[in-house]
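K.L.:
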Amino acid sequence: MAELKVIIFQLKDEEYAIPVQQVRSIEKIQHITRVPRVPKYVKGVINLRGVVTPIIDLRMRFGLEEATFSDHTRVIIVALDDMEVGLIVDAANDVVDISTDAIEPPPEVVDATTADYINGVVKIGKRLFILLNLEKVLKTEKG
């Protein structure tokens, strides 16, 4: 039985998961330099250890209302292909091993725009995680 190690993070009242191998680091929120003429969910860029990294507000990307940043707000730096992007999340909760057998397909009720971002749903005990498809989340951001 194959295992998948995922990072669990929170947006509003939902918990999401992304594979740990796609995560470079988890950072505290820092000053973001705005960039003109980008989609509204692209907050700007940060200088992370000498690398200019674009920052996406996942709440806005998913059509949730904007939230003020708190002490729990984190930027998850993810890598996909040769691109690094920071994702603003409400909190980064923990790292969990899940069985790939535990991944269920996204529910039918999810609307088509959101369904594209979801690889599946994982239930562990009473907790439910939405497994994100980073490729789709970042795809329209690239153009």
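So for the sequence shown, full-length UniProt numbering puts the first residue at 1; every next one is plus one. Beta carbons: idealized from backbone N, C-alpha and C, even for Gly.
Could you tell me how far apart the beta carbons of Pro106 and Val89 are, in whole angstroms, since I believe they sit closer than 8 Å?
P.N.:
Your numbering for residue 106 matches position 106 in the sequence shown. Your numbering for residue 89 matches position 89 in the sequence shown. Not confirmed; about 20 Å, so no contact.
K.L.:
Could you check the C-alpha separation between Ile8 and Val75 for me, to the nearest Å?
P.N.:
Working through the sequence shown from its first residue, we reach residue 8 at position 8. Working through the sequence shown from its first residue, we reach residue 75 at position 75. Spanning the two alpha carbons is a distance of roughly 13 Å.
K.L.:
If you run the structure through DSSP and keep just helix, strand and coil, what is Gly143?
P.N.:
Along the sequence shown, one-based indexing puts residue 143 at 143. Below a pLDDT of 50, predicted positions are generally treated as unreliable, and Gly143, at 43, falls in that range; the measurement from the model is reported next regardless. Three-state DSSP puts Gly143 in coil, outside helix and strand.
K.L.:
Scan the UniProt domain "CheW-like" (3–143) and note each continuous beta strand (DSSP E) run of 3 residues or more that stays entirely inside, going in chain order.
P.N.:
Runs found: 3–11, 14–19, 23–28, 42–48, 51–57, 74–80, 83–89, 91–99, 118–124, 127–132.
K.L.:
Do you know offhand how far Val20's Cα is from Pro36's?
P.N.:
Here residue 20 is taken as the residue at index 20 of the sequence shown, counted from 1. Here residue 36 is taken as the residue at index 36 of the sequence shown, counted from 1. So the two alpha carbons sit approximately 31 Å from each other.
K.L.:
Less than 6 Å between C-beta atoms, sequence neighbours within five positions excluded: which residues of the same chain meet that for Asp57?
P.N.:
Working through the sequence shown from its first residue, we reach residue 57 at position 57. Closer than 6 Å at the Cβ level, and outside the excluded window around Asp57, lie Tyr41, Lys43, Ile88.
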